[in-house]
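As they're listed, the protein sequences go chains Z, X and G. All residue numbers for the first sequence refer to the numbering used here, where the first residue is 1340 and numbers rise by one. All residue numbers for the second sequence refer to the numbering used here, where the first residue is 35 and numbers rise by one. All residue numbers for the third sequence refer to the numbering used here, where the first residue is 59 and numbers rise by one. No residue lacks a Cβ here, since even glycine has one placed at the ideal position from N, Cα and C.
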Amino acid sequence: MDTATIIAVDGLVYASWLFIVSAGLTFIFGVLRILNIAHGSIYALGAYMGAYLGNAFLGGRYPGALSYVILLVSAPLVGVLVGPVLERIFLRHIYDKDEVVGLLTTFALFLILEDGIKLVWGIDPYFIDTPFSLLGNIPIAGISYAVYPFVQTGIAIVIGTGLWLLINRTRFGRQVTSVIADREISVAMGINVARINTVAFTIGAFLAALGGAFAAPMISVEPGMGIEVIVPAFAVVAIGGLGSIGGAALGCILVGVLRAAAVHFFPELEMLVIYVLMFVVLVFRPQGFFGAVRLRRI
Amino acid sequence: MMAGGAGTPRLGIVAIGVLILLIFVAIPLFFSQWVVFLVTIALAKAMVVLGVVLLLRGGLISFGHGLYFAAGGYAVGFAMRFLQVQDLVLLVALAMIAGTVMAALLGLLLRRYRGIFFAMLSLAVSMILYTLLLKFYSLTGGTDGMSIHAFTVFGVRPAAGTTRQVLYYAVFALSLGVLYLGHRFAASPLGYFMKALRDNEIRIEYVGASIAQPIYFSYVFSGALGGLGGGLSALSVGQISPEAAYWTTSGDFVFVAIFGGAQSIFAPFLGSVVFEFVKNYSVKFSPDAWQMTLGAVLLLIIFFLPDGLWSFKDAASRLWARWRRS
Amino acid sequence: MKTEMRWHRFYGALALLTLVVFAVVLSVPRDAAMAAAKPERLKIAIVQFLSGAGAPHDASAVNTAKLLAEKINADGGIDGVKLKLLIVDEAGSTADKVTEFRRLVQDEKVDAVIGYTSSSHCLAVAPVADELKTLTISAICANYRLFEQGKYKYMFRTSAHAVSENVSAALYVLQMKPDLKTIAGLNYDYAYGRDSWEIFKRTILKLKPDVKVVGELWVKFLAGNYSAEISKLLSVKPDVIHSVNWGAGLTALIKQGKTRGLFDKSLVVFTTGLLSQAKALPKGVAFSGRGYHLQFSDPRKNPGNRAFLEAYKAKFGKMPDYTGTYMAQAILGLKAAVERAVRIKGGAWPTTEEIIAAFESSGYDTPRGPVFIRADHQAITDSMWGLTSGKIDPVFGYPVLEKMRVFPAVQVNTPLGMKTLDWIDSWPSRK
């Protein structure tokens, strides 16, 4: 039994779950300069949609592979429904305002979505077990691991690579980079910044929903599940650098491994790890690992 | 607004002062006790919100003011449990000191941050305190919280059934004190400095003024207010628990700050009172969707009344001036 | 240049603030005159979680309240007075709940309040109940310190608390695994988790001092991601794992643990489970709903339990979780106390104080069997545990537990006047 390997694998599992969500959060911040507190609710929406579709369309029993398709479908569905609506109706008007306004707007949206989810789906728990139980377990380093979380790892890698390719190898990506660097000049150059904003937020929402949908098989989809993911996602984004996808990945792995180490050696510290790490990074390197240093403008 | 003849404003001010005092003193006599309780809590929380507003005027968003709120509350709890302190004045003073000391320590670190980083760091620190309060279970009672009861006023225990009134008058008197201090602060160079900081920090440095020091003092004052509000709130509710330091509590303070408005020191008090009543009635009339109602109200304020409820007075006085001219 | 203070602005603003606050306060409806002797209706506020994580747990409680109120009213009410329920959401901060309690009493004019699952809420409300002289019954609150640390006249608790369920858990585990060598805990890091683990651990160590504690894991309240914790437990392989985790967190733990074989190697003990969770568990897991399972007082033999389960099933289509029976204990306790007070008073309607006097040191029957309320207002009941069997009862549909053991009340409840930890420490050590 190799404790180091166990800690590494546990860290990877946690990081995979968190990365999908935090990648979306950091991407939204990078392009729109808004810290989206409603990200947690969109995560919950993805989970609810996945579980609901799973039960509604296949009566809770489905052939294995199809359940994955359902999860994959729920995410873009939520992203496309929620993303443009939120961005166009609410966020569009507050880009030019203070940062606090953006934070509060997404906080208000979070409150609304939380109750909205409850009104639509009620308070009973939803389940979508098949994707998880289908894959069984696998022995690693002397103990048994569920295989499913490694699917999340796979998705995290795909998402990370996909985002990198999107930003660095496509025309859209170049436009996004331009908007991130300087919004005004981008408008002057003829880039349709409004459309970029909408698409960027939709991508972020899609990622949050994807994170939620693929988390659903491991947990019970219940009211209040969105709150659980907000603070870790924030912490990881702050640690990695606002706007940096690679930073988010690094932050996730760091937090995942440190948490796992704490569980194995100092269980009392486990809850503190993420906040202390966030604190330490903000104190010694406020822009995060890969964040850009913010220049003060005259 | 021009000052009138020498005698008139003086008399007018005294008359207004007496009227204000009468109204507030009368409230417990004519209204149900739970209403008095609600106003007491609202005024106590308003002090914390004022602390948030003072920082907001400098462009600093504190998403961790729950830390000072909790510090004040736990100061009262610890003093009662471990030091057997029962005197109200002493307890309130301890709460304020706790907030001041915490702010003095953390301000040294936080004064270098702005904008979103200030918000995140203040959130991280408050969540660390939350976790510690939770974990040091034998000291703090963990999530059960600490019970806070039976205080005395200058050695005298309030008669049964009058505790609410006593606390109400105490909070009311302290609110006046806070407003006075807040007014002096806002009208002082320090207050103007915060506005300048928000507008353009670099120009302040060009002029040769120090930035770190005034921010630090503002922050400490803000923390003192937070501790004071926290202690008073804990005394009113009769309990303090770690949720006071949780990020959603801090979020509520920022919510009320925007709701009331950040333009005036009176705005937090107005915002807090209206907010508490709206919240209570939301729960009563839409029990399944009260959070959604609050969120919707916040959005309405952000979009249609971005300077908060208090800015209504400017709109109203403009209308009044226009009517007078016509 | 001295900055002008502009005091006239200050006063103007202060005046405006005062007027607005006064207007807001005026908008609140006023106190009506107090009701006369025998009320037309007995207005009872039921404060339980209708939203958030506690909602699925409290759902059975809320349902039972409605069910029993209907039945009592159909039978003519309590001494002819019908019940009117006001169902309120317990979700919210403690300060909000205290405010709401005051509003329920002084604005809604309720005659009694039943509820408060969250320990923090029930501890905060107890002194306020005394201040406002309103009978308040906690149906589900688990905190064992409620009556140990304070004496409250108007507060009652009609169900047992963390002590009985964890002491009985320890006793059960020692019966099921008499040679046990190691224990570990995986609990939410909050008061109930800390208290429960402490009581369980102390009981085991007192009765079998050679047992080793190989893990004390704490997770965030309602946490759903147990990868690292399960890995740790699989590495140390304790004989017994204790967990009070409930709600969404428990469901996640069951799912993730089942796939990884957590339940194969260790005897896992869950104190706070719902029936749906029992059904999800593999065989051989020690299960209880806070020391109760509706299989007891076998509904086939006990007409009271059978009537309750049948009525619940007819109205709601499923079986009630333990919170349902706990709420029944509260409502039936209130009914019994009022009826007893009426009898003592010779048929006249009793005051709140008289109801309280009748409630103290009394016993009454409930679907789970008899409940006794002590002089300190704490209920004393037995406590039971069983192992999941994978079977479902063919008539009622609840998950069947095997090897059920019922521990008598006196064995698992702290005696009146003693502190729990002192009581456990005072037991003679066995070997």
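Continuous beta strand (DSSP E) stretch holding residue i: start and end
i	result
G427 (chain G)	427-431
D253 (chain G)	That residue, D253 (chain G), is in no beta strand (DSSP E); its alpha helix (DSSP H) goes 249-265.
W276 (chain G)	270-277
F465 (chain G)	457-465
Y246 (chain G)	240-246
V327 (chain G)	325-328
L1374 (chain Z)	Note, L1374 (chain Z): premise wrong, no beta strand (DSSP E); not H, not E.
N1476 (chain Z)	1476-1479
Limits of the alpha helix (DSSP H) - the one that residue i falls within
i	result
E148 (chain G)	Here E148 (chain G) belongs to no alpha helix (DSSP H), and DSSP marks it neither H nor E.
D233 (chain X)	223-233
G133 (chain X)	122-144
L509 (chain G)	With chain G covering only 59 through 489, there is no way to say anything about residue 509 (chain G).
Y1487 (chain Z)	1487-1508
Y370 (chain G)	361-374
G175 (chain X)	Counting along the chain, G175 (chain X) falls outside any alpha helix (DSSP H), and DSSP gives it neither H nor E.
Three-way DSSP call (helix, strand, coil) for residue i in this model
i	result
N283 (chain G)	coil
Y1353 (chain Z)	helix
E1607 (chain Z)	helix
A94 (chain G)	Here A94 (chain G) scores only 43 on pLDDT, less than 50, and its place in the model should not be relied on; the value that follows carries that caveat. Residue state, collapsed to three classes: coil.
E223 (chain G)	helix
Y1465 (chain Z)	strand
L74 (chain G)	helix
H183 (chain X)	coil
W407 (chain G)	coil
W443 (chain G)	strand
F1629 (chain Z)	coil
P473 (chain G)	coil
F1358 (chain Z)	helix
Q273 (chain X)	strand
H300 (chain G)	strand
Q436 (chain G)	strand
T1342 (chain Z)	helix
M59 (chain G)	Low confidence applies here, because M59 (chain G) scores a pLDDT of 38, under 50, leaving its location unreliable; read the following figure in that light. M59 (chain G): coil per DSSP, three-state reduction.
R99 (chain G)	strand
G38 (chain X)	Unreliable placement is indicated for G38 (chain X), whose pLDDT of 43 sits below 50; the coordinate value is still reported in the next sentence. Reduced to three states, the DSSP call for G38 (chain X) is coil.
Integer Cβ distance of residue i from residue j, believed to fall under 8 Å
i	j	result
K165 (chain G)	K101 (chain G)	In the sequence on display, residue 165 (chain G) carries Asp and not Lys. The pair is not a contact, with the Cβ atoms about 12 Å apart (cut-off 8 Å).
L1473 (chain Z)	G1403 (chain Z)	5 Å
Y250 (chain G)	N303 (chain G)	With a Cβ gap of about 10 Å, Y250 (chain G) and N303 (chain G) do not count as contacting.
P1488 (chain Z)	S289 (chain G)	Between S289 (chain G) and P1488 (chain Z) the Cβ distance is about 11 Å, and since that is not below 8 Å, they are no contact.
L1593 (chain Z)	L1616 (chain Z)	7 Å
G1385 (chain Z)	G1551 (chain Z)	3 Å
T439 (chain G)	V429 (chain G)	5 Å
A306 (chain G)	V326 (chain G)	Incorrect: roughly 18 Å between the Cβ atoms, too far for contact.
Original post:
Of all the residues that make up the stretch 1416-1440 of chain Z, which are near chain G by a beta-carbon distance shorter than 9 Å?
Top reply: none
Original post:
Relative to chain Z, which residues along the stretch 292-310 of chain G have a C-beta separation below 9 Å, given in chain order?
Top reply: L292, S293, G305, A306, G307, L308, T309, A310
Original post:
Touch check for the stretch 337-351 of chain X and the stretch 315-329 of chain X: three-plus C-beta pairs under 8 Å?
Top reply: no
**OP:** With 9 Å as the C-beta to C-beta threshold (strictly closer), list the residues of the stretch 270-283 of chain X near chain Z in chain order.
**Re:** W281, T282
Original post:
According to a CB-to-CB cut-off of less than 7 Å, which residues of the stretch 140-151 of chain X neighbour chain Z?
Top reply: L143, Y147, G149, I150, F151
Subject >> Contact residues within the stretch 299-323 of chain X, judged by C-beta distance below 8 Å to chain Z >> reply: D322, A323
Original post:
Do three or more CB pairs link the stretch 204-213 of chain G to the stretch 136-147 of chain G at distances below 8 Å?
Top reply: no
Subject >> Cβ-based contacts, 9 Å cut-off: residues of the stretch 66-81 of chain G near chain X >> reply: H66, R67, F68, Y69, G70, A71, L72, A73, L74, L75, T76, L77, V78, V79, F80
**OP:** Check whether the stretch 1456-1469 of chain Z touches the stretch 105-117 of chain G, counting contact only when three or more Cβ pairs, one atom from each stretch, lie closer than 8 Å.
**Re:** yes
**OP:** Determine, using beta-carbon pairs with one atom in the stretch 1616-1630 of chain Z and one in the stretch 1567-1581 of chain Z, whether at least three such pairs fall under 8 Å.
**Re:** yes
**OP:** Note down, in chain order, all residues in the stretch 109-122 of chain X with a beta-carbon under 7 Å from any beta-carbon belonging to chain G.
**Re:** none
Subject >> Near-chain G residues of the stretch 1468-1501 of chain Z (beta-carbon distance less than 8 Å), N- to C-terminal order >> reply: D1468, F1471, S1472, G1475, N1476, G1481, I1482, S1483, Y1484, A1485, Y1487, P1488
Original post:
What residues in the stretch 1552-1580 of chain Z have a beta carbon less than 7 Å from any beta carbon of chain G?
Top reply: M1557, I1558, S1559, E1561, P1562, G1563, M1564, E1567
Original post:
On the three-pair Cβ rule with 8 Å, is the stretch 154-173 of chain X touching the stretch 100-119 of chain X?
Top reply: yes
**OP:** Could you please tell me which residues of the stretch 227-247 of chain G, in chain order, have their CB closer than 8 Å to any CB of chain Z?
**Re:** D247
Original post:
Per the contact definition of three or more C-beta pairs closer than 8 Å, is the stretch 238-250 of chain X in contact with the stretch 144-161 of chain G?
Top reply: no
**OP:** Compile a chain-ordered list of the residues in the stretch 1583-1610 of chain Z whose CB is closer than 7 Å to at least one CB of chain X.
**Re:** E1607, M1610
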